[in-house]
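Undergrad: The structure under discussion is supplied below as structure tokens; questions concerning it will follow.
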Amino acid sequence: MIRPALTRLASLFGVLLVVSMLVFFLGSLIPGDLASVIVGHEGATPEQFERVRRELGLDQPLIVQYLNWLGNAVTGDFGTSPITAREVSADIAQQFPVSLELALLCLVTSTVIGVPVGIKAAVSNKGWVDAAMRASLLVMFSVPVFVVGILLLLFASAFAPDLFNVTYVPWQQDLVGNLRSMALPVATITLPFAAMTMQMTRSATLEVLSDPYITTARAVGVKRRRVHYVHALRNALPPVVTFLGFQFGVMMGGLLVVEQIFSLPGLGRGMLDAINNRDYPSVTAITMVFAAVFVVVNAAIDLLYPVLDPRQRSR
Amino acid sequence: MERLNPADAGPETRANVLTVTDLQTAFPTRRGTVRAVDGVSFDVREGETLGLVGESGSGKSVTAMSILRLVAAPGRIESGRIELAGQDVLALEGEELRRVRGSIAGMVFQNPMTALNPSFTVGWQLMEALRAHGVRDPEELQRRVEQALAAVGMPDPARQLDTYPHQMSGGMRQRVVIAMGMINEPRLLIADEPTTALDVTIQAQVLNLMKRLTREHGTALLLITHNMGVIARMCDRVAVMYAGEIVEEALVRTLFSAPKHPYTSGLLRSIPRADHGRGKVPTMTGFPPDMAAPPSGCRFADRCPYVVDACLSDRPALVEVESAHKTRCLRVQELGGSVADLTVRGVA
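Here you go:
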């Protein structure tokens, strides 16, 4: 248990290192640099421009720049944003909890909805429940997130304007107010993610339900629901959990649109703003955070496997 | 469990624990309905061992699954009557049916590698079988599971509780499956090819174990197999299935010494025997009929060496030709007491 965890940890850092190189060097391919953002395009003399470049170390070879950046990044220092003039890490520290909360809430809701419904659909395979569920699933998949989000926003403001907060409230400040500001964005993303979770659970459960040990459990008189929710689900779980972990990574990084619609000050919006403003340090840093979350969650899932499946435990 | 051991009573006085009457189980397929079990009737008496023998596809496993209504959809029991310890199984619903499963009739499945849930310990699964029938007390659960494991000859039962199926050998797993079938002290154990998936050396041990256990507890045994050797060693009576029908039913001794159906006789000839020396084992030619469109006459007709025109048009009934000996053959009187000595067409 310890050794695989350590190797896993090592490879995790390896992946992050590669990501950092990609992000850094690809970023440097974009025409213009941080100095041009700071100095601006008009009215700056070439001398001013060169001075800023020197101060930022942009006159040095790319590899030296990268190593400098990496050395700082390891200590959590991603530089200063030319736009907000604040430390990038301070911005991220504010944005991260918002996105994390959003992703966690979505993970919970799509699991709570998707898993039981998926089992139900598998059990009634080809029955009307299954058919109805698969039809609504198709709809939930097909409608783009920005359409659902805007529709929800419209409906909420028309029919229940007091129920939801349109401006973000941090949970440390007011938990209920926070949930009221999170409800609509969570609902928006839950729709497609719950649909995918359901589909995944359905196919995993279907596969397991035809296994002989399910017949064994039925033959010995175990209750139907218990056969489905304990005996079958336990075996259908590994692929579902893998999928949920993957989803979580996608959610953290893929909430740009939703955060924009509902003006949530999360990482996604931070990313959009940074790209629009050519705020290079922020773009690089947020990308690294996304990558780190993705890699860490997937590593955690890998470590969870032996817990879920006894056959993968080393004796 | 204070029950009079039915094995002590004479065979005539024993009551039936299972009576199957005219059972039909069908599967819809693209080519039409396949009646895998087509009008099967038999009974199992308290404490006796009935063998159900036949080749793959003869409907013996579907018969076994039908008894506890475990036939997987889209398979369906179309008609017939199954009476298990006085209860009409086909009339039971929901909870009533669930309570019968495991407690009145237990099952042992063919493949111990897949019959146990890989995600739970052996102890948990056995306890689950007890919990399904209302045992709640943790100490009682533990005690009875250890007892059950000891009864099937598991070394160090207390330690096996935390073992996962994949950590055990096939033979050990099958012992667990048997323990699970027997743990609620059913009156009938249905064993579907219980040794087919096991090494030959383990087969005898498992068979002996089942024989001893059912005898000790007075449990009746319905043993499904394709192996005539297993029948000879284990059973009191035997029913031979072919193409969804029972074609012959007799006491084991009678069946082996004087089979009355050409199919049974062919089966007996194809048992490899050490004293036959080297050479080919005789085999039957041909294949069982297409069950989506079974012949209207005798289903064995096109493989039968004694076939006459009438066999192709008239479907023979299962008739009792001697006491406790039934056969399904039009020519049974003509062919005389036994067909065993006659040469069978197509046998090398």
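For the record, the sequence lines run as chains A and B. Using the numbering used here, you'd call the opening residue of the first sequence number 1053 and step up by one each time. Using the numbering used here, you'd call the opening residue of the second sequence number 86 and step up by one each time. A virtual CB, placed ideally from N, CA and C, is assigned to each residue, including glycine.
1. Just to confirm, are B:A317 and B:V129 a CB contact at a threshold of 9 Å?
2. Can you tell me the Cβ-Cβ gap for A:F1314 and A:L1236, rounded? I've got them flagged as a contact below 8 Å.
3. Give the residues of chain A in contact with B:S204, contact being defined as C-beta atoms less than 7 Å apart.
4. Under 7 Å, CB to CB, which of the residues in the stretch 146-163 of chain B have a partner in chain A?
5. By the criterion of Cβ-Cβ separation under 7 Å, what are the contact partners of A:V1283 in chain B?
6. Go through the stretch 318-350 of chain B residue by residue and report every complete run of the alpha helix (DSSP H) that reaches 4 residues or more, in order.
7. Are any of the Cβ atoms in chain A nearer than 9 Å to that of B:A491?
8. Let me make sure I understand the geometry here. Which of B:M376, B:L415, B:E407 has the alpha-carbon closest to that of B:V122?
9. Under 9 Å between the Cβ atoms of B:A324 and B:V156?
10. Ignore the nearest five residues each way along the sequence and tell me which others in A:A1284's own chain have a CB closer than 7 Å to its CB.
11. Can you tell me which of the three DSSP states B:A121 falls into?
12. Using a cut-off of 7 Å between C-beta atoms, extract the partners of A:Y1265 located in chain B.
13. Which residue comes first and which comes last in the alpha helix (DSSP H) that contains B:F112?
14. Roughly how many angstroms separate the alpha carbons of A:F1346 and A:G1131, rounded to a whole number?
15. Report the residue from A:R1105, A:D1263, A:L1296 whose alpha carbon sits nearest the alpha carbon of A:H1280.
16. Kindly list, in the order they appear in chain A, the residues whose Cβ is closer than 9 Å to that of B:S408.
17. Look at the alpha carbon of B:R221 and the alpha carbon of B:A378, and state the distance between them as a whole number of angstroms.
18. Any chance you could list the beta strand (DSSP E) runs of at least 3 consecutive residues sitting entirely within the stretch 260-300 of chain B, in chain order?
19. Our contact map puts B:T368 next to B:S355 with C-beta atoms below 8 Å; I'd like the distance itself, whole angstroms only.
20. Should A:P1213 be labelled buried (16 or more other beta-carbon atoms within 10 Å of its own) or exposed?
21. How long is the line joining the alpha carbons of B:T134 and B:L274, rounded to whole angstroms?
22. Is the Cβ of A:G1384 closer than 9 Å to any Cβ of chain B?
23. Taking Cβ-Cβ distances below 7 Å as the criterion, which residues of the stretch 259-272 of chain B are in contact with chain A?
24. According to DSSP, is A:S1141 helix, strand or coil?
25. Give the single residue among B:N312, B:G208, B:D247 whose Cα lies nearest to the Cα of B:E140.
26. Contact between the stretch 1284-1302 of chain A and the stretch 1155-1163 of chain A is defined here as three or more beta-carbon pairs at a separation below 8 Å; is this criterion met?
27. Tell whether a beta-carbon distance below 9 Å holds between B:A402 and B:T339.
28. Excluding sequence positions up to five away, which residues of its chain have a Cβ less than 8 Å from the Cβ of B:L175?
29. Roughly how many angstroms separate the alpha carbons of B:L308 and A:V1348, rounded to a whole number?
30. Where does the unbroken alpha helix (DSSP H) through A:A1344 begin, and where does it stop?
31. By Cβ distance, which residues of its chain are closer than 6 Å to B:A243, with the 5 residues on each side in sequence left out?
32. Can you have a look at A:G1320 and say buried or exposed, based on whether 16 or more other CB atoms are within 10 angstroms of its CB?
33. Taking 9 Å as the CB-CB limit, is B:F385 close to chain A?
34. Considering only C-alpha positions, which residue in the set B:A235, B:P203, B:A236, B:V237 is nearest to B:T248?
35. Does the distance from the CB of B:P373 to the CB of B:G171 come in under 9 Å?
36. Please list, in chain order, the residues of the stretch 1113-1145 of chain A that have any C-beta partner in chain B closer than 7 Å.
TA: On the basis of the supplied data:
1. no
2. 6 Å
3. R1286, N1287, D1361, P1362
4. L153, L155
5. Val is not the amino acid found at residue 1283 of chain A; the sequence shown has His there. Near A:H1283 (Cβ distances below 7 Å), the residues of chain B are N202.
6. 337-342
7. Only positions 86 to 433 of chain B appear in the structure, and residue 491 of chain B is not among them; the question remains open.
8. B:M376
9. no
10. T1257, V1260, L1261, I1266
11. strand
12. T199, A200, L201, N202
13. From DSSP, B:F112 is part of no alpha helix (DSSP H) but of the beta strand (DSSP E) over 101-114.
14. 23 Å
15. A:D1263
16. Per Cβ cutoff of 9 Å: no residues; B:S408 is ~35 Å from chain A at best.
17. 51 Å
18. 273-277
19. 5 Å
20. exposed
21. 9 Å
22. Limits of chain A in this structure are 1053 at one end and 1367 at the other, which puts residue 1384 of chain A out of reach.
23. M265
24. helix
25. B:N312
26. yes
27. no
28. R154, I162, G165, R166, I167
29. 54 Å
30. 1332-1360
31. E231
32. buried
33. no
34. B:P203
35. no
36. none
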